[in-house]
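To keep things clear, I will list the structure first and then write my remarks on it.
Protein chains: 2
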Amino acid sequence: MTTARGRGRPRGGGGERRDQILAAARARFARAGFAATSLREIAADAGVDAALISHHFGTKSALLAATLDLPFDPAERLAAVIDGDLEHLPERMVRTFVTSWDEHPEVFAAAFRSGDAAPVATIAREVVMTAIRDRLQGPDRDLRAALVTSQIMGLGLQRWVLRLEPVASAAVEDLVRVHAPAVDALVSGRPERSRG
Amino acid sequence: MTTARGRGRPRGGGGERRDQILAAARARFARAGFAATSLREIAADAGVDAALISHHFGTKSALLAATLDLPFDPAERLAAVIDGDLEHLPERMVRTFVTSWDEHPEVFAAAFRSGDAAPVATIAREVVMTAIRDRLQGPDRDLRAALVTSQIMGLGLQRWVLRLEPVASAAVEDLVRVHAPAVDALVSGRPERSRG
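See the structure below:
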């Protein structure tokens, strides 16, 4: 489900139908939300076969990424973070998030500066929060998943939007080392804080 | 230094000189930065006595808050957070941040949507990060203070800008209970994660 197949722009032809699919997807996602929209409905709106959407975009989350003009599919990157062991999930999350967006800082910044913050909210809610929540155990899973997302977004805000030092220039592994324990506090969901 | 005296708008008269002071402060802060600017320099630029700035605004951070049209002085609120015991600092920080801005969600959102994010960056860098860093012990104090700030900003982003559930409607004490351990991981600066 989170594995993108055949993603990316086609080499030649199909550009018009690809644009029709994107337009239909944008309208459906805006009207009904990401979760309630099926590829079949988008295909019907666009007047194409659903298989053509899979051919052009792969998964529904990859289609969402394409409607938002994202340079990669966050769900695909996130899958590698989520699928591994829970103990090192915080390290993987910080490392994957930082290395992925370090390649496209201007896209991240543009998503925040676009006037309305809808694209950021859509990705956060429909892709990131959902995937994390399904991996957590214990109480307050929804709130903990949301706060993990807010931590990660706050990190991106400082690094690529506000460009605040020392976060803006910090080495990736320093961010992983220092920030992962904070993510872990939410991932492991310890209500009691143990002090050394 | 973080106690605001005589803050707020004067009851009558002085409006013109108050505006001159604000204009001079905005120009100086933009040109030289908050830390490198003295009230004396602003007074000279505005053609007033430095005592008049104290009379109208109190502290330099309160003057910064006024130049940014903030409804309260973040440094003043932060002082109560910073001054108490370190063990409960994370709880106090989350509670004070959320209750302060819950009264002015539109101001927080406007600061993010203003096109350039300078006001947010200025407050984060000059007021919040500095105050937190001075209270921390151990290694990576600059980075840990910055990441505490980014966590808190990410929380505000979800609650007042993106209005993402469940953070947008969460009870203050639920946010304190669930998020404070994550702040604490950075405040206490434990490099090792202990698992129960």
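Residue numbers (the working numbering), protein chains in the order written: chain A, 5 to 200; chain B, 5 to 200.
Beta carbons: idealized from backbone N, C-alpha and C, even for Gly.
Worksheet entry | Beta-carbon proximity list for aspartate 106 of chain A, same chain, < 6 Å, skipping 5 on both sides | Indexing the first sequence from 1 puts residue 106 of chain A at position 102. So the list is empty, once near-sequence residues are dropped.
Practice prompt. Might you give, ordered along the chain, the residues of its own chain that have their beta carbon closer than 6 Å to the beta carbon of isoleucine 86 of chain A, omitting 5 neighbours on each side?
Written response: Here residue 86 of chain A refers to the residue found at position 82 of the first sequence. For isoleucine 86 of chain A, where only same-chain residues beyond five positions count, the Cβ hits under 6 Å are Ala135, Arg139.
Practice prompt. For the alpha helix (DSSP H) containing alanine 28 of chain A, list its first residue and its last residue.
Written response: For the purposes of this step, residue 28 of chain A is taken as residue 24 along the first sequence, with counting starting at 1. Alanine 28 of chain A -> alpha helix (DSSP H) spans 19-36.
Worksheet item: Is the shortest distance between the beta-carbon of glycine 158 of chain B and the beta-carbons of chain A less than 7 Å?
Response: Counting from one through the second sequence, the residue named residue 158 of chain B turns up at place 154. Residue-level contact check: glycine 158 of chain B touches chain A, since one or more beta carbons of chain A fall below 7 Å from its beta carbon.
Worksheet entry | Residues near phenylalanine 38 of chain B by beta carbon distance below 7 Å, same chain, minus five either side | As a position in the second sequence, residue 38 of chain B is number 34, starting the count at 1. Within its own chain, the residues whose Cβ lies closer than 7 Å to the Cβ of phenylalanine 38 of chain B, once the five positions on either side in sequence are excluded, are Leu68, Thr126, Glu130, listed in chain order.
Fill in: C-beta contact flag for threonine 100 of chain B and valine 176 of chain B at 7 Å
By one-based count along the second sequence, residue 100 of chain B stands at place 96. By one-based count along the second sequence, residue 176 of chain B stands at place 172. Not a contact, by the Cβ cut-off of 7 Å.
Worksheet entry | Neighbour list for aspartate 144 of chain B in chain A, Cβ cutoff strictly below 7 Å | If you number the second sequence from 1, residue 144 of chain B lands on position 140. The contacting residues are Val182.
Discussion item. When you compare the CB positions of tryptophan 164 of chain B and alanine 84 of chain B, do they come within less than 7 Å of one another, or not?
Written reply: As a first step, residue 164 of chain B must be located in the second sequence, where it is residue number 160. As a first step, residue 84 of chain B must be located in the second sequence, where it is residue number 80. The Cβ atoms of tryptophan 164 of chain B and alanine 84 of chain B lie no closer than 7 Å to each other.
Item to complete: Spell out whether any CB of chain B is found under 7 Å from the CB atom of glutamine 24 of chain A.
Response: The residue labelled residue 24 of chain A in the question sits at position 20 within the first sequence. No, glutamine 24 of chain A does not count as interfacial toward chain B.
Item to complete: Check whether the Cβ of alanine 125 of chain A lies closer than 7 Å to any Cβ atom in chain B.
Response: As a first step, residue 125 of chain A is located in the first sequence; it is residue number 121 there, counting from the start. With 7 Å as the cut-off, alanine 125 of chain A counts as an interface residue toward chain B.
Discussion item. Please list, in chain order, the residues of the region 162-180 of chain B that have any C-beta partner in chain A closer than 7 Å.
Written reply: Taking 7 Å as the Cβ-Cβ cut-off against chain A, the residues of the region 162-180 of chain B that qualify are Gln162, Val165, Leu166, Leu168, Pro170, Val171, Ala174, Asp178.
Worksheet item: What did DSSP end up calling phenylalanine 76 of chain A once you bin it into helix, strand or coil?
Response: Locating residue 76 of chain A in the first sequence gives position 72, where the first residue counts as 1. Under the three-state reduction of DSSP output, phenylalanine 76 of chain A falls in the coil class, being neither helix nor strand.
Fill in: Reference arginine 145 of chain A; option with closest CA among A:Arg44, A:Ala50, A:Met133
The count along the first sequence starts at 1 and reaches residue 145 of chain A at position 141. The shortest C-alpha separation from arginine 145 of chain A is found at A:Met133.
Worksheet item: Any residues in the region 56-90 of chain B with a beta carbon nearer than 9 Å to a beta carbon of chain A? Which ones, in chain order?
Response: Taking 9 Å as the Cβ-Cβ cut-off, the region 56-90 of chain B has no residue approaching chain A.
Worksheet item: Ordered along the chain, which non-local residues of its own chain (more than five positions away) have a Cβ less than 7 Å from that of arginine 44 of chain A?
Response: The residue you call residue 44 of chain A lines up with position 40 of the first sequence. For arginine 44 of chain A, where only same-chain residues beyond five positions count, the Cβ hits under 7 Å are Ala54.
Practice prompt. Keeping to the same chain, check which residues put their C-beta closer than 8 Å to that of phenylalanine 33 of chain B; ignore five residues upstream and five downstream.
Written response: The residue you call residue 33 of chain B lines up with position 29 of the second sequence. Same-chain partners within the cutoff: Thr41, Leu68, Thr71, Thr126.
Practice prompt. Answer with yes or no whether the minimum CB distance from proline 185 of chain B to chain A is below 7 Å.
Written response: Here residue 185 of chain B refers to the residue found at position 181 of the second sequence. When Cβ-Cβ separations below 7 Å define contact, proline 185 of chain B makes contact with chain A.
Practice prompt. Return yes when the Cβ of glycine 158 of chain A is within less than 7 Å of the Cβ of methionine 157 of chain B, no when it is not.
Written response: In the second sequence, the residue the question calls residue 157 of chain B occupies position 153. In the first sequence, the residue the question calls residue 158 of chain A occupies position 154. Yes, these two residues count as a Cβ contact at 7 Å.
Worksheet entry | Delimiting residues of the alpha helix (DSSP H) encompassing aspartate 188 of chain A | Numbered from its first residue, the first sequence carries residue 188 of chain A at position 184. Element bounds for aspartate 188 of chain A: 176-192.
Worksheet item: Taking Cβ positions only, does serine 154 of chain A come closer than 7 Å to chain B?
Response: Indexing the first sequence from 1 puts residue 154 of chain A at position 150. Under the Cβ distance rule, serine 154 of chain A counts among the residues neighbouring chain B, one pair being separated by less than 7 Å.
Fill in: Chain-ordered neighbours of alanine 128 of chain B on chain A, where CB pairs are closer than 8 Å
Walking along the second sequence from the start, residue 128 of chain B turns up at place 124. Using a Cβ-Cβ cut-off of 8 Å, alanine 128 of chain B is close to Gln162, Leu166, Leu168 of chain A, given in chain order.
Worksheet entry | Alpha-carbon to alpha-carbon, threonine 63 of chain A and alanine 36 of chain B | The residue labelled residue 36 of chain B in the question sits at position 32 within the second sequence. The residue labelled residue 63 of chain A in the question sits at position 59 within the first sequence. Rounded to the nearest angstrom, the gap between the Cα atoms of alanine 36 of chain B and threonine 63 of chain A is 50 Å.
Discussion item. Would proline 185 of chain B and alanine 189 of chain A qualify as a contact pair, given that the criterion is a beta-carbon distance under 7 Å?
Written reply: To locate residue 185 of chain B, count along the second sequence from 1; it is residue 181. To locate residue 189 of chain A, count along the first sequence from 1; it is residue 185. Here proline 185 of chain B is near alanine 189 of chain A, since their CB atoms are less than 7 Å apart.
Fill in: Residue-level contact to chain B via CB, leucine 43 of chain A, 7 Å cutoff
The residue you call residue 43 of chain A lines up with position 39 of the first sequence. No, leucine 43 of chain A lies away from the interface with chain B (no Cβ there is under 7 Å from its Cβ).
Worksheet item: Distance, Cα to Cα, alanine 31 of chain A vs glutamate 110 of chain A?
Response: Locating residue 31 of chain A in the first sequence gives position 27, where the first residue counts as 1. Locating residue 110 of chain A in the first sequence gives position 106, where the first residue counts as 1. Computed Cα separation, rounded: 25 Å.
Worksheet entry | Residue span of the alpha helix (DSSP H) that contains proline 156 of chain A, given as start and end | Here residue 156 of chain A refers to the residue found at position 152 of the first sequence. Per the sequence shown, the amino acid found at residue 156 of chain A is isoleucine instead of proline. Residue range 145-160 is occupied by the alpha helix (DSSP H) that includes isoleucine 156 of chain A.
Discussion item. Please state the DSSP three-state secondary structure of glutamate 110 of chain A.
Written reply: By one-based count along the first sequence, residue 110 of chain A stands at place 106. In the structure shown, glutamate 110 of chain A sits in a helix (DSSP, three-state: H, G or I).
Fill in: Partner residues on chain A for leucine 93 of chain B, Cβ-Cβ distance less than 9 Å
Here residue 93 of chain B is taken as the residue at index 89 of the second sequence, counted from 1. In chain order: nothing, as chain A lies at least about 12 Å away.
Worksheet item: Taking the alpha-carbon positions, what's the serine 192 of chain A to alanine 27 of chain A distance?
Response: As a first step, residue 192 of chain A must be located in the first sequence, where it is residue number 188. As a first step, residue 27 of chain A must be located in the first sequence, where it is residue number 23. Whole-angstrom Cα-Cα distance: 40 Å.
Practice prompt. With a threshold of 16 other CB atoms inside 10 Å of the CB of glycine 160 of chain A, please say whether the residue is buried or exposed.
Written response: In the first sequence, residue 160 of chain A corresponds to position 156, counting from 1. Answer is buried; the Cβ neighbour count reaches 16.
Item to complete: Note down the Cα distance separating alanine 172 of chain A from aspartate 73 of chain A, rounded to an integer number of angstroms.
Response: By one-based count along the first sequence, residue 172 of chain A stands at place 168. By one-based count along the first sequence, residue 73 of chain A stands at place 69. In a straight line, the C-alpha of alanine 172 of chain A is about 24 Å away from that of aspartate 73 of chain A.
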